[in-house]
Every structure is written in structure tokens, then in C-alpha cells.
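Have a look at the structure below before the remarks.
In UniProt numbering, the protein residues as written are 1 to 749.
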């Protein structure tokens, strides 16, 4: 019997009111258990025993209820999820109020951390089971119905998914990615919801710009009073308002980064609203203002300012990474995965995006610092041979121009922290770092990577100009003291003059002498003492040794002392060669014979040239090769196996051949007349054929009996030979080739 999905399953039970049997669907409100889930509240910021005890009790209740829910069977679990409103409110409260990783590090008691960790795990497992439509072969829901259940009952929506990513993304990335992909796959309506959510996110950017006084409202439809158009910048707003903006800023960008990092398929939806350009423009407007606002507040709460600076640096890095994720998913990754014919659209998209953000110089510097643009352009050049070099060169040149006047940094610059945190807030920052070494998501304890780009290093003529501005108003001060004040106040002339006049300098500056002169920087090390090449410390290196052997130095082309005449007159080589080859010229003409040795030499060797085989083949052929042996001694049938008549005929034939060979005159070594040789060869051939009883008829005519009277054997053979050999006279071997084709089945016979 096939197993039905949960949405089609029917249960039979007794009606509690009538006592009769009835059939109800498995997903029915009456199947829900009566259980109330309490709302979640975050851990207390103050370590009061009563508040801590209240949090522990509430968190344990929620954790126990969720563990009970996870232990329910498949049908009971889904009935509770669909029809229990308190469960959904409990889960929503946790997503809203659970502490994020980038929140301020709080020193909770160990029991609070343990309960919070256990509750965090239970909530994640609950959402994970809610996003699974098939738990086993027996327990599953139809995929189409599952998507409708999720969407119509608001079990998941875009804000919930964003919170899930930022809360559970670290350490659970693969599970969370499968979960969200399953949700979007089973219910495509979430893509349309995401498309409608992006304008809301862009409106958040506008709200931040408006709060910071960086966005002009433009022509308003209603009249406005003049006093209502006062713009409040981050430098002028209260510290608490600045804190709220920075926290909102950090939460927004960290959440967006977590979502796109877990679910990159959403990048296409974001880019439909020109998100890359809006991001770069928003970055260029807000980041410098917020950094400047934090730096200006030198006399306020330094520990709070240090925390705000850390959050702002964290947000900056996440903004740059969001831009990189969009570029990678929209342009670079498809280029690597597509064929050569389909990459032109992605290359054009890449060039258009970067061309639109070239005017955002600050954003370009920070992006190029983390993800070099030249690497991306190099990838495009390798992928396409038709890439427009003019456009790519323009983009690279714009990035290089954004770095003009700013030193490129390869490592984080700790010294670029704002002055309040460096002086008075250092202890507070170090204290908080000691208490929570994992701060800022465990990977960015004090993320000052981008902080160094806030202000360029001032030097040279620009620095002299700043010192002159202060000295014109306060001529009694020394240039060294003014330089120290400028470095302390980020080279802000107005702030330096104001603090000096109001006597609000930092303690480190008060201890300095007001007339301190400017110290002259020592000249850099001469190049000749710090050079490194292959000729360093050799025998001619005048920078490392005082005495050099001048006799070994040759100016111009070297001339040998030996002249051509002296070389020609030198006969030593000839004498050596004569002595060597003279040994080969010693030949003994006659060897004197001793008594008793003459007979020995005569018997041992007879010096007489044997010219027996001079007329045969001349070459390097072996005398006993197979072909020559066969030609000299043809194969003969043994006498035992010969027939009686054949034995006598063959013996007579061999005797005649031997007599003919004996009668043959000895070959002469002079060249005879070719005509005579041809006549002799023809005579020998005719003699051989006559002996064998064969008469060759050169006449091509075949004469036989009249038609219908039959033919003798010779006539039939002659006709066959004429048919087979007619190609030798005419027809150019066509008959033989036709026979060959017919034998191979190419022509039907």
C-alpha cells in the first residue's frame, strides 16, 4: 500500500461530543496540543541576581518547550507549528531580540552563557525542521503543498530569513544554505517578495542619509518654513543619536552581508535595482561623515567612541564585501562557468558597474585594498580575446588616480585610530578586548583595517602650509610643538588653534615645551650603501674595498700580445703532428728468415690472390644468405618420395645441367657486346623451354572449331590465357581490376 503524504492523510477517531467515529485530515487544529510558549527576552545587561534568575527561568522554559516540540512525530509537529500562534510569537521574539555577534561584548555569568547556547541550538533545529518537507520515506509533504503551507501561514518571510542568516550563519553556513535554497525552490513567490523588499532596503539608506543631513529633500509639494530646513550633521548631533545611527548602520550591513553570503542566488534580484551603484554612492556619502563625527568628539566618552569606531570599521568592511559578492555572482562566476560565446554579456555588465562607480574615489580605494581591481580585469582579459582594452585601461587608471595622495596599505594600520581612543580610551579598549577576545564575530576584534583610509598622511609642502597657518596666528609657538599638536588632532588646523586658545590640550601635549623647534629628519640611507646586485662585494667593487687590482681592468677591446707573424712562425704544432703520423709510415718490406722458419712460413700462409668470385655480386651481401642459397641450390624432392618416372627424368635433367655448366667457358672480366649477351641468353632460354616441352606461341589469335562442334582442351586454355593476359597488350589492366572488384563483392556476378 503506497504511503500518502501528510497533506493527503486522513485519520479516523472518535468524536468527543457525539462518540461516533469520524474522519479528519491529519493537519487539523484539533490535533494541536494545548501548550503555551513564552516570549523570549535578551540577557540582562546589569548583573543583578533577580534579573539573571528571571532570564534563566524563562530561557529554560523556552528550551524545554522547543525540545518537546522537536521530539513530536511528524504529523503532531506540523499541527503544532501550523495552529499554535504562541509558538510563532516565541520564535519571532527570539529572532528579534537575540544578541548578535557584533553586539557589544557583555560579561555574562557562565550559567547564562550555557542556557543561551542551548536555547540558540534548539531554535535553529526548530527552523531547520520547519524548512524540511521530507523527513523519511513514510513522513513527507507534497512539495507544492509544502510551499503553499510555508507561504500562506507566514512560517518564513524575507525579514525572518535575514535574521536567520545573521544569527546562525557562522558555523552553520552549509545547513542554512540548503534550508534557504529549499524554501525558495519549493515556493518561488519568495523571489517576488525579495524583489519587493529591495526598495525597502534602499529606503533605509535614504533614511540614514536624511538623519545625517546628507540628503536633500528636493522640491517639496508643500510649503516649508525656513527654520524647519536646518540640517543636522553627524558632527552636530548628540552622542546618543550618533550611537543609534552607527548601531543601525552596523546591523543593516552585517545582516545584508550574512544573507548574500549564505544565499548568493539573491544577487541577481538585488542588481535589478542598481544596487551596486547605490551602495557605492551611499558609502561615499556616509562613511567620511561618520568617521569625522567620531573623531571630533575628543572630550566625550572615549570607551563609547572606541566601540562606535569598531562597529563603523566592521560595517565598512561588510559593505565592501557585499559589493564583491555582487560582482562575483553577477559577472565573474558566470564568466568562469560559461563558454566563450556567452561571456560577453557578463563582461559588459562588469564594465558598466565599475564605470558607474568610478567617481566614488573613497569607495574605490577601500575596495581595491581588499579586492584588487587589476585581478578582476586580468580575469576578463584571459577569458575574452575581444575585450575592449580602452575601457579596461580607463577603469584601472581611475582606480590608480583614486590612490593619488594616499599611501597604499598592505597591512592594518593601528596608528590610524582617532586620537581619543589612542590616548584615553586605550585602556578601556584593551580591557574590553581582554574580556571578550572573540568580539565582532570572532574574526574582527578591533577591525581597523579600513580605518587608515580615513585621512591621508600629510607631508612635504602641505605639512609646511599647515604649520604656517598656526604660526601666523600664534607666532610664539615652535614648529615642533605645532607639528605635535597637528599630529594629535589629525592635522585639523581649526581644532588645534581652538584647543590651544582654550587650553584644552591633551596631557601629553601640555608636558611639551611650547617653543620646541621642529626636528630635522635625517637623510635617508644613501643608495650606494644599500644597493643589492650581482656585482656586490666582488674584486672590482670600489664601494666595499679600497684597493683594486688595476692590472685586471681592461679599457676597450682586449689585444693579445702575440701577433699574426709570431703565430705563423710557431711550428711546434707541426712538429708534434709529424712525430705522431711518422709512426704510421714505418713499413717493413722484407722480414729476414731465420734458419728452420722458411717451411713454417710457406705452409702457414700462401700469399696468392683468389679471384674466383670477383665476377659475382660486388657488395656487402652475405655469402650464405637465404636468397643466394636457394638460387644456387634449388629445392629437390628426396628420392624416397619421388615417383618412379619422375626420378629418372629429374636425374637426366640434373646431369644435363651439370654438363652445360662444365661446358660454359670461364667468365671473362672484360665487357662483352650486349647484343651477343642477349643472343646467348635467348638461346639458353629456348633450350630450357624445349627441354621442358613448352612452346610459347606469341600469336594472340586463338583458332578453334566451328561453333556448336565443341572445342578441344588447348583451345579452351588459350582462350582463358588470352582473356587473362589481354591487359598486357591493351585495356591497361582493366580486366584484372574488374576481377578484383568482383572477387571482393563490389560488382554482382
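Virtual Cβ for every residue (Gly too), placed ideally from N, Cα, C.
With C-beta atoms as the reference, is residue i less than 8 Å away from residue j?
i	j	result
residue 369	residue 280	no
residue 56	residue 112	yes
residue 310	residue 287	no
residue 484	residue 466	no
residue 21	residue 14	yes
residue 380	residue 350	yes
residue 63	residue 118	yes
residue 133	residue 154	no
residue 247	residue 187	no
residue 40	residue 120	no
residue 84	residue 32	yes
In three-state terms, what does DSSP make of residue i?
i	result
residue 517	coil
residue 487	helix
residue 9	coil
residue 442	Low confidence applies here, because residue 442 scores a pLDDT of 37, under 50, leaving its location unreliable and the question unanswered by this model.
residue 170	coil
residue 14	strand
residue 140	strand
residue 437	Bear in mind that the predicted position of residue 437 carries a pLDDT of just 37, short of 50, making it too unreliable to give a figure here.
residue 134	strand
residue 97	helix
residue 563	coil
residue 338	coil
residue 398	helix
residue 344	helix
residue 715	helix
residue 422	With a pLDDT of 40 at residue 422, under the threshold of 50, the modelled position of this residue cannot be trusted; read the value that follows with caution. The answer is helix: DSSP assigns residue 422 an H, G or I state.
residue 40	coil
residue 746	coil
Grab the span of the beta strand (DSSP E) containing residue i for me, first residue to last.
i	result
residue 203	Here residue 203 belongs to no beta strand (DSSP E); instead the alpha helix (DSSP H) covers 189 to 211.
residue 22	21 to 25
residue 70	Where residue 70 is concerned, there is no enclosing beta strand (DSSP E), although the alpha helix (DSSP H) it sits in stretches over 49 to 70.
For the alpha helix (DSSP H) that contains residue i, what are its first and last residues?
i	result
residue 539	It is not in any alpha helix (DSSP H) - residue 539 carries neither H nor E in the DSSP assignment.
residue 288	275 to 296
residue 306	302 to 327
residue 250	239 to 262
residue 363	361 to 370
residue 403	Neither: residue 403 is in no alpha helix (DSSP H) and is coded neither H nor E.
residue 83	74 to 83
residue 737	734 to 743
residue 548	Counting along the chain, residue 548 falls outside any alpha helix (DSSP H), and DSSP gives it neither H nor E.
Nearest by alpha-carbon distance to residue i: which of the options is it?
i	options	result
residue 205	155, 160, 546, 284	284
residue 255	37, 159, 472	159
residue 107	117, 43, 544	43
residue 103	79, 131, 189, 243	243
residue 6	724, 30, 79, 19	79
residue 198	163, 149, 101, 271	271
residue 313	291, 329, 551	291
residue 277	180, 327, 119, 207	327
residue 476	41, 186, 490, 497	497
residue 718	469, 707, 703	703
residue 396	52, 358, 252	358
residue 140	9, 101, 89	9
residue 342	391, 386, 486, 583	386
residue 200	167, 273, 215, 170	273
residue 478	464, 403, 175	464
residue 250	319, 191, 405	319
residue 362	138, 382, 404	404
Note down, in chain order, each residue of its chain lying with its Cβ closer than 6 Å to the Cβ of residue i, except the 5 sequence neighbours on either side.
i	result
residue 399	364, 368, 373
residue 196	none
residue 453	With a pLDDT of only 37 at residue 453, under 50, the local geometry of the prediction cannot be trusted, and no value is derived from it.
residue 566	none
residue 550	none
Sorted by chain position, which residues of the same chain lie with C-beta nearer than 7 Å to residue i's C-beta, five sequence neighbours on each side aside?
i	result
residue 65	35, 37
residue 430	The pLDDT assigned to residue 430 is 35, lower than 50, so where the model puts this residue is not dependable; a value taken from the coordinates is nonetheless given after this. Counting only Cβ-Cβ distances below 7 Å, and skipping sequence neighbours, we find nothing.
residue 480	516, 517, 518, 519
residue 219	Because the pLDDT of residue 219 is 41, which lies under 50, any placement of that residue in the model is unreliable, and the question is left without a value.
residue 116	43, 59
Leaving out five residues on either side along the sequence, give the residues of the same chain with a beta carbon under 8 Å from the beta carbon of residue i.
i	result
residue 325	257, 260, 261, 264, 267
residue 240	none
residue 182	131, 132, 133
Are any of the Cβ atoms in chain D nearer than 8 Å to that of residue i?
i	result
residue 175	This model lacks chain D altogether, as it is built from one protein chain only.
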